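> In our numbering, the protein residues as written are 3 to 594.
This is the structure, below, for whatever I ask next.
Next up, the structure:
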């Protein structure tokens, strides 16, 4: 074990003294340093600016309250429903939010786990109960850090490469937090050469973005990427699109009327209350009208973070190579989004009645299935060929169910494949081919008994996080008491895998390395708690190949993939293709 913190929970850094709060879990003592600033408050003239590192202070910094939540979009769709409210911020919201929460157990080995929260770059907080680092720090003797970053327009507004607002401020915030840790975690007994980034959804996309950000390379050595990469369709936009959306926001705020040049827009936007900007940004986002499209996200090419085009970096293999990575996806990535984006097509959810009420089963009709799938066709250039193929391929996902359940589950599976799983696999292929460290893949199939959403929604996006943070130990009352021991065993397994990976680069002897040819993934499910280790091959592969082909037909072959990549994929198993599906459609004219 490394330096044991002194009894009064004080740390002396080169910036000044920080006083934390004492915590205890299962007889393990912890010092929590909450709301520690890493950059100057991005307010006033610093709104929309790159972060500036925090300056030294005199006296003691009291780090007793969790990091404030940055301005964000709050979920108001299902008031008081735990499945929605658990993601909303538990504490105060403000622009002065560039701080972090740090949990340091009395005995630890110096390893540091840095959590980057998700939320589509428009929502989220490092201070959710779900992300409390106490249990993970105490049980696994590691330092746990949750970093904050600006969201929505505050983090991702873009007025041009040569303007005062050059985009990706939120990613630069993360980079500044990682730099702060690199420079100061030693004062807490941490080892700056043993930093693992872990995150989920947009947090995972962020972690992978740092692989393509030269100034981030020295700040971490491993990544655990759950359900998201910077290659996912929702995770970045071109400079042209970001400029267009940013100008839409400026126009709604009457900031484009005068000269209309970037600096006058910038000055105008800095004079408007943050809450007004947030409200209008929510309007701009909702106005796009395309499901799973978030307005203010990373810009794919910039001067400050990627220092170039992220896709060009991936294509030319110009990214951090000395890294080890765990990638993972959950079985039902798509279902969480259905009540939010597809309610008009039969996926409505009534949070005031039981989640298991038949009315909440989303038993959609054939016509609603068609309408649901049609809503995504703009992503494929509206190609009728692609529409036919996808409608047919996804209509009978699960054997032995009613037709309505087939249709319902098909939409969920398509959404999950297109927006999450397939892009993650594409990205894992590129990384596994090129990095020096090992790469692993998991497929998560454990549904938590604490999950308040309807059971048909399955193993949902975001509902693996609780196991990595030891929630069954922290909040056992949320779980089915008859299943609690299994939940605890499973949580301990996940924490062990993550820690063994962080410490050695090898999560478990039975977990095979991932490569593009075999595509082996470890299933993490209930059976894992009994020592059964199922290895899966080419998860969702045939559907991902169909989606690849659909993109090609629609003329949007992904920038990162060369033609040979597609050829390699098409030689590995799977018989679903546009051609095959269309032949089937002709033979089964009545089916659709």
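Don't be surprised by glycine CBs; every beta carbon is placed ideally from N, CA and C.
Just so you know, these numbers come straight off a predicted model, no measurement behind them.
1) Starting from the C-beta of residue 35, find all residues in its chain whose C-beta is less than 6 Å away, skip the five residues before and the five after it, and write them out in chain order.
2) Any heavy atom of the ligand HEM closer than 8 Å to the CB of residue 155?
3) Compute the beta-carbon to beta-carbon distance between residue 229 and residue 206, rounded to the nearest angstrom, for a pair I have assumed lies under 8 Å.
4) To the nearest angstrom, report how far apart residue 412 and residue 365 are at their CA atoms.
5) Inspect the beta-carbon positions of residue 84 and residue 17 and report whether they are closer than 9 Å.
6) DSSP three-state call for residue 516: helix, strand or coil?
7) Considering only the alpha carbon of each residue, which of 500, 9 and 456 lies closest to residue 356?
8) Considering residue 85, what are the terminal residues of the alpha helix (DSSP H) in which it resides?
9) Tell whether a beta-carbon distance below 9 Å holds between residue 395 and residue 548.
10) If you draw a straight line from the alpha carbon of residue 350 to that of residue 459, how long is it in whole angstroms?
11) If we ignore side chains and look at the alpha-carbon of each, how far apart do residue 246 and residue 186 end up?
12) Leaving aside the five residues before and after residue 202 along the sequence, list all residues of the same chain whose C-beta is less than 8 Å from its C-beta, in chain order.
13) Among the residues of its own chain, which have a CB less than 7 Å from the CB of residue 509, if the five just before and after it don't count?
14) Looking at C-beta atoms only, is the number of pairs between the stretch 162–177 and the stretch 302–315 that lie closer than 8 Å three or more?
15) Is it buried or exposed for residue 113, if we count other Cβ within 10 angstroms and need 16 for buried?
16) Identify which residue in 514, 155 and 276 has its Cα closest to the Cα of residue 440.
17) Are residue 210 and residue 244 close, meaning C-beta to C-beta below 9 Å?
18) Using the beta-carbon count (16 or more within 10 Å), is residue 521 buried or exposed?
19) So the beta strand (DSSP E) residue 114 belongs to, where does it begin and stop?
20) Where do the ends of the beta strand (DSSP E) carrying residue 227 lie?
21) If I measure Cβ to Cβ from residue 68 and keep anything under 7 Å in the same chain, skipping five residues before and after, which residues do I get?
22) State yes or no: is the C-beta of residue 488 within less than 9 Å of the C-beta of residue 528?
23) Does the stretch 22–32 come into contact with the stretch 40–47, if we say contact requires no fewer than three beta-carbon pairs (one atom in each stretch) closer than 8 Å?
24) So residue 443 is in the beta strand (DSSP E); what residue range does that whole segment cover?
25) Would you list, in sequence order, the uninterrupted alpha helix (DSSP H) runs of no fewer than 4 residues that lie entirely inside the stretch 131–218?
26) Out of 180, 491, 101 and 437, point me to the one whose CA is closest to residue 448's CA.
27) By DSSP, does residue 360 sit in helix, in strand, or in coil?
28) Under three-state DSSP, which class holds residue 350?
29) Determine, using beta carbons only, whether residue 325 and residue 222 come nearer to each other than 9 Å.
30) Give every residue of the same chain whose Cβ lies closer than 7 Å to the Cβ of residue 178, excluding the five residues on either side of it in the sequence, and list them in chain order.
The answer reads as follows:
1) The residue given as residue 35 occupies position 33 in the chain shown. Taken in chain order, the residues that qualify are 20, 22, 65 and 104.
2) Among the ligands in the structure shown, none appear at all, so the ligand HEM cannot be discussed.
3) Mapped onto the chain shown, residue 229 falls at position 227. Mapped onto the chain shown, residue 206 falls at position 204. That belief holds up - the Cβ atoms of residue 229 and residue 206 are roughly 6 Å apart, short of 8 Å.
4) Position 410 of the chain shown, counted from the start, is the residue given in the question as residue 412. Position 363 of the chain shown, counted from the start, is the residue given in the question as residue 365. Those two C-alpha atoms are separated by around 12 Å.
5) For the purposes of this step, residue 84 is identified with residue 82 of the chain shown, where counting begins at 1. For the purposes of this step, residue 17 is identified with residue 15 of the chain shown, where counting begins at 1. Taking 9 Å as the Cβ cut-off, residue 84 and residue 17 do not qualify as a contacting pair.
6) Within the chain shown, numbered from 1, the residue matching residue 516 stands at position 514. Correct three-state label for residue 516: coil.
7) Position 354 of the chain shown holds residue 356. Closest by alpha carbon: 456.
8) Against the chain shown, residue 85 aligns to sequence position 83. Note, residue 85: alpha helix (DSSP H), 84–87.
9) Indexing the chain shown from 1 puts residue 395 at position 393. Indexing the chain shown from 1 puts residue 548 at position 546. It is a contact, given that the beta carbons lie within the stated cut-off.
10) Within the chain shown, numbered from 1, the residue matching residue 350 stands at position 348. Within the chain shown, numbered from 1, the residue matching residue 459 stands at position 457. When rounded, the distance between both Cα atoms is 13 Å.
11) Against the chain shown, residue 246 aligns to sequence position 244. Against the chain shown, residue 186 aligns to sequence position 184. Going from the Cα of residue 246 to the Cα of residue 186 covers about 39 Å.
12) As a position in the chain shown, residue 202 is number 200, starting the count at 1. Closer than 8 Å at the Cβ level, and outside the excluded window around residue 202, lie 119, 120, 228, 229, 230, 464, 466 and 467.
13) One-based indexing of the chain shown puts residue 509 at position 507. Correct list, in chain order: 328, 442, 499, 502 and 503.
14) Touching, yes.
15) Within the chain shown, the letter at position 111 stands for residue 113. With 16 or more Cβ atoms within 10 Å of its Cβ, residue 113 is classed as buried.
16) The residue given as residue 440 occupies position 438 in the chain shown. The shortest Cα separation from residue 440 among 514, 155 and 276 belongs to 514.
17) Sequence index remark: in the chain shown, residue 210 carries index 208 (1-based). Sequence index remark: in the chain shown, residue 244 carries index 242 (1-based). No; because the gap between Cβ atoms is not below 9 Å, this pair is not in contact.
18) Taking the chain shown and counting its residues from 1, one reaches residue 521 at position 519. With a 10 Å radius around the Cβ and a threshold of 16 neighbouring Cβ atoms, residue 521 comes out buried.
19) Taking the first residue of the chain shown as 1, we reach residue 114 at position 112. Run containing residue 114: 114–118, per the beta strand (DSSP E) assignment.
20) Translated into the one-based positions of the chain shown, residue 227 becomes position 225. Element bounds for residue 227: 224–228.
21) Reading the chain shown from its first residue, position 66 is the one you call residue 68. Apart from the 5 residues on each side of it in sequence, residue 68 sits with its Cβ closer than 7 Å to the Cβ of 36, 37, 93, 103 and 129 in its chain, given in chain order.
22) Here residue 488 corresponds to residue number 486 of the chain shown, with the count starting at 1. Here residue 528 corresponds to residue number 526 of the chain shown, with the count starting at 1. If you check the CB distance, residue 488 and residue 528 come in under 9 Å.
23) no
24) Taking the chain shown and counting its residues from 1, one reaches residue 443 at position 441. Start and end: 441–446.
25) Qualifying alpha helix (DSSP H) stretches, in chain order: 136–142, 154–158, 171–186 and 204–211.
26) In the chain shown, counting from the first residue as 1, residue 448 sits at position 446. Residue 448 has its Cα closest to that of 491, out of 180, 491, 101 and 437.
27) On the chain shown, position 358 is the one that residue 360 refers to. Residue 360: helix per DSSP, three-state reduction.
28) On the chain shown, position 348 is the one that residue 350 refers to. In the three-state scheme derived from DSSP, where H, G and I count as helix and E and B as strand, residue 350 is classed as coil.
29) Against the chain shown, residue 325 aligns to sequence position 323. Against the chain shown, residue 222 aligns to sequence position 220. Yes, the Cβ-Cβ distance between residue 325 and residue 222 is below 9 Å.
30) For the purposes of this step, residue 178 is taken as residue 176 along the chain shown, with counting starting at 1. Counting only Cβ-Cβ distances below 7 Å, and skipping sequence neighbours, we find 40, 41, 53 and 55.
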